[in-house]
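Novice: Here the sequence shown stands for residues 1231 to 1333, numbered as in this note's numbering. Ideal Cβ positions, reconstructed from N, Cα and C, are used throughout, including at glycine. All values derive from a computational prediction rather than experimental measurement.
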Amino acid sequence: MKSHYEVQCEHCEKMTSFRIDDVARLDADIDDEVSAAKSEVAVEFEGMVEPDELLDKLQDLSSAIRAGDRIEAEHLLDKLASEIGSEATEYVQRGRFSMRAVA
(Lines of atoms letter the chains of each structure in order from A and count residues from 1; the text may use other names and numbers.)
(Lines give C-alpha, C1' and ligand atoms only; values in the text may rest on other atoms or scores of the structure.)
Protein backbone atom coordinates (compact mmCIF):
# COMPACT_ATOMS: atom_id res chain seq x y z
CA MET A 1 0.00 0.00 0.00
CA LYS A 2 1.23 3.49 -0.74
CA SER A 3 2.43 5.52 2.22
CA HIS A 4 2.35 8.93 0.50
CA TYR A 5 -0.58 10.50 -1.35
CA GLU A 6 -1.29 13.70 -3.24
CA VAL A 7 -4.79 15.11 -3.60
CA GLN A 8 -5.92 18.03 -5.73
CA CYS A 9 -8.80 20.21 -4.55
CA GLU A 10 -11.66 20.27 -7.06
CA HIS A 11 -12.42 23.94 -6.31
CA CYS A 12 -9.07 25.71 -5.99
CA GLU A 13 -6.92 23.03 -7.70
CA LYS A 14 -4.38 23.23 -4.87
CA MET A 15 -2.30 20.07 -4.43
CA THR A 16 -1.95 18.68 -0.91
CA SER A 17 0.49 15.95 0.06
CA PHE A 18 0.08 13.72 3.09
CA ARG A 19 1.16 10.40 4.51
CA ILE A 20 -1.19 7.77 5.88
CA ASP A 21 0.32 8.36 9.32
CA ASP A 22 -0.72 12.04 9.14
CA VAL A 23 -4.44 11.23 9.18
CA ALA A 24 -5.90 9.23 12.06
CA ARG A 25 -7.52 5.94 11.01
CA LEU A 26 -6.77 6.53 7.31
CA ASP A 27 -5.16 3.12 6.91
CA ALA A 28 -8.24 1.45 8.44
CA ASP A 29 -10.55 3.54 6.23
CA ILE A 30 -8.59 2.52 3.14
CA ASP A 31 -8.82 -1.15 4.20
CA ASP A 32 -12.58 -0.74 4.71
CA GLU A 33 -13.00 0.79 1.25
CA VAL A 34 -10.95 -1.99 -0.34
CA SER A 35 -13.06 -4.62 1.44
CA ALA A 36 -16.27 -2.91 0.32
CA ALA A 37 -15.03 -2.79 -3.28
CA LYS A 38 -14.15 -6.49 -3.16
CA SER A 39 -17.66 -7.25 -1.88
CA GLU A 40 -19.21 -5.22 -4.69
CA VAL A 41 -17.19 -7.14 -7.26
CA ALA A 42 -18.20 -10.46 -5.68
CA VAL A 43 -21.88 -9.47 -5.89
CA GLU A 44 -21.46 -8.36 -9.51
CA PHE A 45 -20.13 -11.77 -10.51
CA GLU A 46 -22.55 -13.74 -8.36
CA GLY A 47 -24.59 -16.18 -10.41
CA MET A 48 -22.16 -16.35 -13.30
CA VAL A 49 -21.84 -19.76 -14.91
CA GLU A 50 -18.60 -21.66 -14.41
CA PRO A 51 -17.17 -23.04 -17.69
CA ASP A 52 -17.41 -26.67 -16.49
CA GLU A 53 -21.05 -26.18 -15.49
CA LEU A 54 -21.72 -24.58 -18.85
CA LEU A 55 -20.30 -27.62 -20.66
CA ASP A 56 -22.54 -29.96 -18.63
CA LYS A 57 -25.59 -27.84 -19.42
CA LEU A 58 -24.72 -27.77 -23.11
CA GLN A 59 -24.41 -31.55 -23.08
CA ASP A 60 -27.86 -31.85 -21.48
CA LEU A 61 -29.29 -29.45 -24.05
CA SER A 62 -27.69 -31.37 -26.89
CA SER A 63 -29.09 -34.65 -25.54
CA ALA A 64 -32.60 -33.21 -25.36
CA ILE A 65 -32.34 -31.94 -28.94
CA ARG A 66 -31.01 -35.29 -30.16
CA ALA A 67 -33.83 -37.12 -28.38
CA GLY A 68 -36.35 -34.81 -30.02
CA ASP A 69 -37.60 -33.58 -26.63
CA ARG A 70 -38.51 -30.05 -27.67
CA ILE A 71 -40.08 -29.09 -24.35
CA GLU A 72 -37.00 -30.18 -22.37
CA ALA A 73 -34.67 -28.51 -24.88
CA GLU A 74 -36.56 -25.20 -24.60
CA HIS A 75 -36.54 -25.47 -20.82
CA LEU A 76 -32.78 -26.14 -20.73
CA LEU A 77 -32.10 -23.35 -23.23
CA ASP A 78 -34.15 -20.85 -21.19
CA LYS A 79 -32.43 -21.93 -17.98
CA LEU A 80 -28.97 -21.65 -19.54
CA ALA A 81 -29.73 -18.24 -21.04
CA SER A 82 -31.04 -16.89 -17.73
CA GLU A 83 -27.86 -18.02 -15.97
CA ILE A 84 -25.72 -16.27 -18.59
CA GLY A 85 -27.69 -13.03 -18.34
CA SER A 86 -30.47 -10.89 -19.71
CA GLU A 87 -28.78 -10.34 -23.06
CA ALA A 88 -28.61 -14.11 -23.67
CA THR A 89 -32.27 -14.45 -22.69
CA GLU A 90 -33.16 -11.75 -25.20
CA TYR A 91 -31.26 -13.55 -27.99
CA VAL A 92 -33.03 -16.82 -27.18
CA GLN A 93 -36.41 -15.10 -27.36
CA ARG A 94 -35.52 -13.45 -30.66
CA GLY A 95 -34.49 -16.80 -32.08
CA ARG A 96 -37.61 -18.49 -30.81
CA PHE A 97 -39.93 -15.99 -32.46
CA SER A 98 -37.93 -15.25 -35.62
CA MET A 99 -39.34 -15.86 -39.07
CA ARG A 100 -36.75 -18.63 -39.56
CA ALA A 101 -38.14 -20.64 -36.62
CA VAL A 102 -40.21 -23.59 -37.78
CA ALA A 103 -42.64 -25.18 -35.31
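Could you give the residue range of the beta strand (DSSP E) that holds E1236?
Specialist: H1234 to Q1238 is the span of the beta strand (DSSP E), which, as asked, contains E1236.
Novice: By DSSP's criteria, T1246 is part of a beta bridge. Which residues make up the other side?
Specialist: For T1246, which the question treats as bridged, DSSP gives the partners V1237.
Novice: Could you pull out every residue in the same chain whose Cβ sits closer than 8 Å to the Cβ of L1306, ignoring the five residues on either side in sequence?
Specialist: So the qualifying residues of the chain are K1287, D1290, L1291 and A1294.
Novice: Using only CA atoms, which one of K1244, V1237 and H1241 lies nearest to I1250?
Specialist: It is V1237.
Novice: I need the DSSP call for G1325, collapsed to helix, strand or coil.
Specialist: Looking at G1325 - three-state DSSP - the assignment turns out to be helix.
Novice: Taking DSSP as the reference, what is the three-state secondary structure of E1280?
Specialist: Reduced to three states, the DSSP call for E1280 is coil.
Novice: DSSP on D1299, reduced to helix/strand/coil?
Specialist: DSSP places D1299 in coil when its eight states are reduced to three.
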